[in-house]
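There are 2 protein chains.
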Amino acid sequence: MAQPLQALRHDGGILWALDQTLLPWQERWLKLRDAQGVADALKRLSIRGAPLIGVASGYGVALELARDHGPDSLQRAHDTLIAARPTAVNLAYAVKRVAEAAAAHPPGPGRAGAALDEARAIEHQEIAASAAIAAHGADLLSELRVRRILTHCNAGALAAPGRGTALAPIAELHARGELELVLATETRPLLQGARLTAYELGRLGIEHAVIVDGAAAGLIARGEVDAVLVGCDRVAANGDVANKVGTYGHALAASAARIPFVVAGPCSTIDPETSSGAEIVIEHRDPWEVATVPSESSGARFRIAPDDTRCLNPAFDVTPAELITAFVTERGVACPVDHERIAGLLHAAALR
Amino acid sequence: MAQPLQALRHDGGILWALDQTLLPWQERWLKLRDAQGVADALKRLSIRGAPLIGVASGYGVALELARDHGPDSLQRAHDTLIAARPTAVNLAYAVKRVAEAAAAHPPGPGRAGAALDEARAIEHQEIAASAAIAAHGADLLSELRVRRILTHCNAGALAAPGRGTALAPIAELHARGELELVLATETRPLLQGARLTAYELGRLGIEHAVIVDGAAAGLIARGEVDAVLVGCDRVAANGDVANKVGTYGHALAASAARIPFVVAGPCSTIDPETSSGAEIVIEHRDPWEVATVPSESSGARFRIAPDDTRCLNPAFDVTPAELITAFVTERGVACPVDHERIAGLLHAAALR
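As they're listed, the protein sequences go chains F and W.
Take 1 as the starting number for the first sequence in our numbering and just add one per residue.
Take 353 as the starting number for the second sequence in our numbering and just add one per residue.
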């Protein structure tokens, strides 16, 4: 079996990050030394996936404090990282948590050490969460007799420390010998499905096929999929889920075909401050991502639309809670319309 | 105003076809001289769009008969062209119609002339149909107070002689000063929306923006679209519609948001022999189209998925009649669940 993928590694005062913009063509590691470096890597999606964004930004604060023991470095690290990506709640959560741990100490090596400890604690929590999501999710899929799963974007080890979120139950179901096929939607504009999920599934030896995003609904309608399983970027208190653009359409297709639509994510993705999906700010990324496709393994891109064509690039969409069959977290499985159970998860999340 | 686009032109024993695989980067004309040349251009999508496929294949029969006056050329032309694309009913219809007109004459110049006359008649019918679809469709959109339209793939002058099918009412609404914005989905794998629809809308001076296919459902849910308007490749007798893969997902999103989902096409697209969408054969095209994206204006492509990754490439999907608000034809507007009206259209279609 191949080495488990590890997309981030903190070692010797450096955060090593596998540059995901270059996969599957090149395995190149970035050496990040400060908050700005981490923020830049987050912005250009060299590091991506809600839980991994959280862990990286926690380390970003720690790197900045280790590099600069002055009184301003904590605020600077905070502001630099918070501005990097607006939608993922994990980023704000991790930065706040590491900053609070650091702020309990005066500027200096003690503060830097406290920040690093907290960043490591977040990483270890996410690894444990991934393992628990794998077990709970596989139990659920097994119970539902799911053998052919459609997933969108990438919610594997490249998106979350450990085995990922949505790909963790898939890997576990495969290990149990119950998985037949994974359909991975390519996920335009940045092709995380075709590039990253296919790369991970290939390493794991899991039978899979890539389809264009528009092919999902028709294949689901024709009975070729038993369940849809996706990760999530932010979950509102009412169970509405923001995830990679395209997710909502797959949820509609699953609902029309009466197959389960399952969302996997750590409780850190639940945002008790956001009452419903209508309040979630949808990040609009550079229209150039839509106007172009990769043309070389160096990351160069080729324009597909006429030169003067305007493009719109909403990076996420919102799937309403009523379309979600189950929400798999490290604390167990909840049905989003089961408000009592959601409230329990939220209570637990508030305690963290 | 720019010259109207004309994607096909028969002149001096040659069928000139604008090579749509090279748009918007290059405007290169193919010189087609026989049935095999037309079939090859259809297979590689240099000529595409259901009505244009029909017209081109009609001319394909005529070219072959003009080139070879022998007794076998009619059967050869028929077989070569019928095999080129399985889903579009227009191809089989046009080949059959031209072949029947030709078969009424003995092999020789008379047969070739009859075939050419019939191919021209089909083209003129399609041009008239496009004009009528423009008027009926714009009346409907105007009545529904539609100002922001989402369209999928390309159903313009590059897909049908004249002004196209779905883009014809859009152009007419624009001419009436009632159109605000067209959202064009890029339409992976072959990007007919980003490449061709954006090119046509730009030439027409129509305000537009390109989005990835996965962004449509979220934008529709957020109230940014008043109606979805698409073309069609085959309409079953019960009103189910086969169209470019991705169409069904947009129909689900329109239905969930309670906005009109309108299909435009000539009656030649209605197939009375096919009782429902379940009977429509879905063409699976080369998986390489999914595994790659264009990387140069010469048509060279760059692989996006890992080398050994399997891809699936269904080229169409089926939208059930109950999701379709209206069907715009050259003979008027029908609601697909209005069986009496559909039967009337079918009766008219059977008379052609």
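For every residue, glycine included, the Cβ atom is placed at its ideal position computed from N, Cα and C.
- Residues of the region 312–323 of chain F with a C-beta atom less than 8 Å from some C-beta of chain W are L312, N313, P314, F316, D317, V318, listed in chain order.
- Within the model, the alpha-carbon separation for A408 of chain W versus A429 of chain W is close to 12 Å.
- In terms of beta-carbon proximity, A657 of chain W lines the interface with chain F, with at least one pair separated by less than 8 Å.
- In terms of beta-carbon proximity, D660 of chain W lines the interface with chain F, with at least one pair separated by less than 8 Å.
- A straight-line Cα-Cα distance of about 24 Å links G629 of chain W and G566 of chain W.
- The CB of E296 of chain F comes closer than 9 Å to the CB of S647, F654 in chain W, given here in chain order.
- Bounds of the beta strand (DSSP E) holding W29 of chain F are 29–32.
- From the beta-carbon of L543 of chain W, the residues of chain F found nearer than 9 Å are V293, I304, A305.
- Proximity of D286 of chain F to chain W, defined by a Cβ-Cβ separation below 8 Å, is not satisfied.
- Residues of the same chain with a CB within less than 6 Å of the CB of P423 of chain W, apart from the 5 flanking positions on each side, are P459 in chain order.
- Among the residues of chain F, those whose CB is under 8 Å from the CB of D565 of chain W are R188, V212, D213, G214, G246, following chain order.
- As computed with DSSP, H560 of chain W is found in a beta bridge with W:V534.
- With a cutoff of 8 Å on beta-carbon distance, G591 of chain W and A673 of chain W are scored as near each other.
- Taking 7 Å as the cut-off between beta carbons, the residues of the region 600–633 of chain W near chain F are Y600, G601, L604, A605, A608, in sequence order.
- At a Cβ-Cβ threshold of 8 Å, G37 of chain F and D669 of chain W do not count as neighbours.
- Each residue's CA atom was taken as its position, placing R515 of chain W and A536 of chain W some 17 Å apart.
- Residue environment analysis places P356 of chain W among the exposed positions, since fewer than 16 neighbouring C-beta atoms fall within 10 angstroms of its C-beta.
- For R111 of chain F, the enclosing alpha helix (DSSP H) starts and ends at 109–143.
- Excluding sequence positions up to five before and after S494 of chain W, its CB lies within less than 8 Å of the CB of L525, R528, E530, all in the same chain and listed in chain order.
- With a cutoff of 8 Å on beta-carbon distance, C663 of chain W and K596 of chain W are scored as not near each other.
- Counting along the chain, P272 of chain F sits inside no alpha helix (DSSP H), nor does DSSP assign it H or E at all.
- Rounded to the nearest angstrom, the gap between the Cα atoms of T644 of chain W and A657 of chain W is 7 Å.
- At least one C-beta of chain F is nearer than 8 Å to the C-beta of L571 of chain W.
- Cβ contact annotation for A652 of chain W (same chain, cutoff 8 Å, sequence separation greater than five): P646, in chain order.
- Taking L23 of chain F as the centre and dropping the five residues before and after it, the same chain places the C-beta of R195, L196, Y199 closer than 7 Å to its C-beta, in chain order.
- Collapsing the DSSP output to three states places L252 of chain F in a helix.
- By the neighbour-count criterion, in which a residue is buried when 16 or more other Cβ atoms sit within 10 angstroms of its Cβ, E452 of chain W is exposed.
- The beta carbons of A402 of chain W and D585 of chain W sit closer together than 8 Å.
- G332 of chain F has F:T329 as its beta-bridge partners, per DSSP.
- About 11 Å separates the Cβ atoms of A41 of chain F and L52 of chain F, ruling out a contact at the 8 Å cut-off.
- Within chain F, no residue has its beta carbon less than 9 Å from that of Y445 of chain W; the closest one is some 24 Å off.
- Per DSSP, reduced to three states, the secondary structure at L173 of chain F is helical.
- About 17 Å separates the beta carbon of G617 of chain W from that of T539 of chain W, a gap too long to meet the 8 Å contact definition.
- For G49 of chain F, the nearest beta carbon of chain W is not closer than 8 Å to its own beta carbon.
- Taken through DSSP and simplified to helix, strand or coil, P51 of chain F comes out as helix.
- Distance from the CA atom of P612 of chain W to the CA atom of A605 of chain W, rounded to whole angstroms, is 10 Å.
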